[in-house]
Every structure is written in C-alpha cells, then in structure tokens.
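If you count the sequence shown from 1, you need to add 129 to reach the numbering used here.
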Amino acid sequence: MATITTLPAPSHAGEVLLAAEDVKKYYGDDRSPVLEMVTVELRDGEFVALLGPSGSGKSTLLRILAGLMPPSEGRVLVHGERLDGPNAQVAIVFQSFALFPWLTVLDNVELGLLATDLSPAERRARAEQAIDMIGLAGYEEAFPKELSGGMKQRVGFARALVVHPEILFMDEPFSALDVLTGENLRQELLDLWAEHSIPTRAVLIVTHNIEEAVALADRILVFGANPGHIRVELKGLPQADRRAKNSAHAQLVETIYQIMTNPELDAAELVQQRSMTARGTEPKTGGSRARRYQTLPDVSIDDLTGFVQYLATVGGRGNVHELSRDLQMRADDLMALVEATDLLGLVDLQNRHVLLTPVGQRFADADLDAEKALFRQIALEQISLLRYVVRELETSPTHTLEAERVLDDLEHSFSSEEARRQFETVIDWGRYAELLSYDDSSGELRLDEEHRVPELPT
Ligand SMILES: Nc1ncnc2c1ncn2[C@@H]1O[C@H](COP(=O)(O)OP(=O)(O)O)[C@@H](O)[C@H]1O
Ligand SMILES: [Mg+2]
C-alpha cells in the first residue's frame, strides 16, 4: 500500500480546474461586502487549505465556488468556462454532516446520485462501493441517530465521494468530531487521496485549525475578515514534513499563528522575514535587494535577557500561548523575543514550546560579567551584522566607524526604516556585549578596546 510519504510532490503546473476571479459578495441589501476581490485557483493534483477566522467568509466562498449561489461581482470559471448554476464537478462535505434522519445510511449515500442518469442498480452498486471504501460496511441499514459523530461524518464523506467528484470541498469536516476521531478520519481520507483510490483531482478544505492546514495542504490560503479576503498564500510543507514534529513544521505553524493573531500585520512581509530568520542562516537573495545579514528581531537587550531569566524561573520551558499570557505580551512581541533568543542559541522552539538550551541555562545562571562574556561570544558567532560591524571597527586605523556607512550598507538589504531598526538593534546588542560604543551626536561607532576579539569567526 502506498503511503503519503512516497507520493510525488504535486505539480503546481497542473491544469486550472476551478477559479474565482475578483469575487465580491454582499448578502441581501447589506452594504458591506462579506467577500472583497477574492481571486483563487484550484489546480489539478492540489490539496488546498483555506484557513481563516470565523465569520471571514470561507463558507460563503465555498458556496460560490460550488455554484450554490452567485457572486455579487466577479466570476467563477470551471475549466475556463463561466459557471452559472450548481457546479457539477464539486461535492461538499459539511461540518454539520447534513444527513437526512429518516433515511438509512445506504439511502443517504445514494441520495448523492439522485440527479444522475444511473440505473437504480448502478446507483446501489456505487453507493455500496463508497460505503465500503469509507469504512461504513455493516452500517448500510442504520439510521443516522444510531451513529457516532465519526460514523455520521463517514456518511457525509461517502455521499460526497459516491458521485466521483472531480473536486472535493470540505467545510470544517472534522471540527465537530472529538480530536482522535477527527484525526483518524482525516488520515483515512488522506490515504484515499494519496493512493488515488478516489478519482478526485483536487481538494479544498476550509478550516480554522492551523495544524490541520499544515498537516494536509500543498498550499495554504490565509483568509482575513471584514471583508473576507486572502491575506497571504503559503506553500505547504513537503509531504514528509506534514506530520513530522520537526522544526520546519513547527515554524510554519508558528508563522501562520503569528499571521492569524495579528490581523493588522502585513502578512507577506512577515512571511518573508520569518523565512529569513528561521534558520539563522544567510537568507536567500530575492529581487534586487540581496540580503547579506539576517533580519534581527526588534528586541531590546533588557527584554532579551529578562526573557531568558524568566524562562529559567519557570523550569526552562514554556508554551508560547501561556508565555504570551503570563508575560502579558502580544503574540508578535513574544515571537520576536523567541526569534531573537533562538537566533542566539539561547532557546529552542519546538512545536510551540520554547525550551531553554544548555547555553541559555548557563546564561541565566551567570553573574553579570559572565553573562556579558557569554553574550559577546554567541552574538559574534551568530549575528552576521554584529560581526561585520566589529570587523570593520577592528580594521579601521582609528577603530571608529561612521554610522552613516553602516546604514548605507544596510539599505542595500533593507528599507531605510528597517535599516534604521537593524542599526539600533545591533548598537544595543553591541553595547551590552561591550564590543562597541556609539555616540549618537557625532554618529560615530567606536571599538571597545578592552574586549576586542582578535580572531573573529568568518
Ligand atoms: N445567508 C446569509 N445571509 C446573511 N449573512 C450571511 C449569510 N451567511 C453568512 N453570512 C454572514 O457572512 C459572513 C461570513 O460568513 P461565513 O461565510 O459563514 O464565514 P466563515 O465560514 O468564514 O465562518 C458572516 O458575517 C455571516 O454572518
Ligand atoms: Mg464557515
């Protein structure tokens, strides 16, 4: 049996099966739109997740794409043809199951085929096959009220899959189930999809669960509210990482968490920044601005050291949600701290848990002088901008450097506003490390001779 990990990566060059173009939607004569300028494509072979807060219009978009109601403006295209009326290529699984209580499982499933011209015998055969496939064999004659939530949703799936839909829509299909049941059903569905046991060519799932989106999707569309719109599109993880508890997985979850908890943030910029700081490596170059340094999170040294001390007092670990609550910090401020301390190797972020590393523990235990010495060492090792500045200071005959020069250099990599922020951060950290001093009135950086480091790592 094929497993999902051996599945070839989906081709993103797949044919566009379904598209929404500049879709806008008002309900009734309400003057504020529920959806504003939504453009999406669903391609052959894709599993796409639509992730967003409740009330942001996800279900509305699904109904429009399924042709259950028209957009107020814009259009829906099925294989390039304008859709007008129900979309015959699509079947939907709903959160609420939407079963007919007076019909048996078999009849509920067969109902999906009522609109087709199959003979009764063919309908029966198809329904039995779907029931078998989805693990409902033996329940054919049961009524919905006799079934557990998980079994009811299996009927929902069978009724959708019995039509052999080209596209499967799922609107929060696992949200009403208890966690284990949902997980189990989700995995079964994923196996059917991965093994091509169903002829479905694309799946669109609506969810408000970040982990679910990350576990399933090739592409994740993050929806914003008021009016509903796509804030950012993220590439899903490679198949092998989707269920793994590795750092790529944790970081994608974290990035999305940060986007979703900060509705006012520019999500695209955030994604770009995080992908660069994520591994503490030199970022990929992109566009005309080649970045030579990591982006330093905008974190003061007081907050940074305070955070490490705090973690040590609470046993060296903490969950980001609890930390954000206990420290009364906004999620994005906390994440900046986590990133900064992670960059320095003081903490490790694993699946939304921040863990103090052995170095972090040493840092927390050290007295002020030892703390500074340790910081000096790790900051020079890890922070490319600080290393660059100190090296320039070392090679300057006067051991000084004009702030302007550093800023100019930073502006090759960052916007001028961000360059200024980066500069201030590196000054703050460099001062604390007693590597340099800075005179704001003269705009001059000066090497701290006492602590100069003769052999800098490259
Ligand atoms: N049939 C309807 N008539 C009027 N308003 C609706 C209708 N359906 C949804 N809405 C409103 O549209 C907005 C988006 O709803 P919905 O698409 O269900 O969001 P989501 O699925 O993201 O939770 C909400 O404010 C909701 O109250
Ligand atoms: Mg909904």
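From the three backbone atoms N, C-alpha and C, an ideal C-beta is built for every residue, glycine too. Nothing here was measured: the structure is a model prediction, and the numbers come from that model.
Checklist entry - Ordered along the chain, which non-local residues of its own chain (more than five positions away) have a Cβ less than 7 Å from that of residue 416? => result With a pLDDT of 34 at residue 416, under the threshold of 50, the modelled position of that residue is not reliable, and the figure given next carries that caveat. Counting only Cβ-Cβ distances below 7 Å, and skipping sequence neighbours, we find nothing.
Item to check | Cβ neighbours of residue 464 in the same chain (closer than 6 Å, five flanking residues each side left out) | outcome: 387
Checklist entry - Should the segment 294-307 be regarded as contacting the segment 270-286, the criterion being three or more beta carbon pairs within less than 8 Å? => result yes
Checklist entry - Using a Cβ-Cβ cut-off of 8 Å (strictly less than) and excluding sequence neighbours within five positions of residue 270, which residues of its own chain qualify? => result 233, 234 and 235
Checklist entry - Helix, strand or coil: which one does DSSP assign to residue 133? => result Legend: pLDDT at residue 133 = 34, less than 50; position of this residue unreliable, value from coordinates given subsequently. Here residue 133 sits in helix by DSSP.
Item to check | Own chain partners of residue 214 with C-beta closer than 8 Å, once the 5 adjacent residues on each side are dropped | outcome: 196
Checklist entry - Do you know how far the Cα of residue 523 is from the Cα of residue 508? => result 16 Å
Next on the checklist: Using DSSP's beta-bridge definition, name the partner residues of residue 448.
Outcome noted: 482
Checklist entry - Alpha carbon to alpha carbon, how far is residue 357 from residue 513? => result 40 Å
Next on the checklist: Please classify residue 423 as buried or exposed, where buried requires at least 16 other C-beta atoms within 10 Å of its C-beta.
Outcome noted: buried
Item to check | 6 Å CB neighbourhood of residue 138 in its chain, flanking five on each side removed | outcome: A caution first: residue 138 carries a pLDDT of 39, below 50, which makes its placement in the model unreliable, though a value can still be read off. Excluding sequence neighbours, residue 138 sits near nothing in its chain.
Checklist entry - How would you call residue 347, buried or exposed, if buried means at least 16 neighbouring beta carbons within 10 angstroms? => result buried
Item to check | Heavy atom of ligand 2 within 7 Å of residue 187 beta-carbon | outcome: yes
Checklist entry - In three-state terms, what does DSSP make of residue 460? => result helix
Next on the checklist: For ligand 2, I want to know if residue 301 counts as a neighbour, meaning its beta carbon is within less than 7 Å of at least one of the ligand's heavy atoms.
Outcome noted: yes
Checklist entry - Tell me which same chain residues have a C-beta within less than 7 Å of the C-beta of residue 418, skipping the five on either side of it? => result With a pLDDT of 40 at residue 418, under the threshold of 50, the predicted position of this residue should be treated as unreliable, and no value is reported.
Checklist entry - If you measure from the CB of residue 156, is any heavy atom of ligand 1 nearer than 7 Å? => result yes
Checklist entry - alpha helix (DSSP H) containing residue 197: first to last residue? => result No alpha helix (DSSP H) holds residue 197; DSSP gives it neither H nor E.
Checklist entry - Is any heavy atom in ligand 2 found nearer than 7 Å to the beta carbon of residue 335? => result yes
Next on the checklist: Mapping the DSSP letters down to three states, classify residue 378 as helix, strand or coil.
Outcome noted: helix
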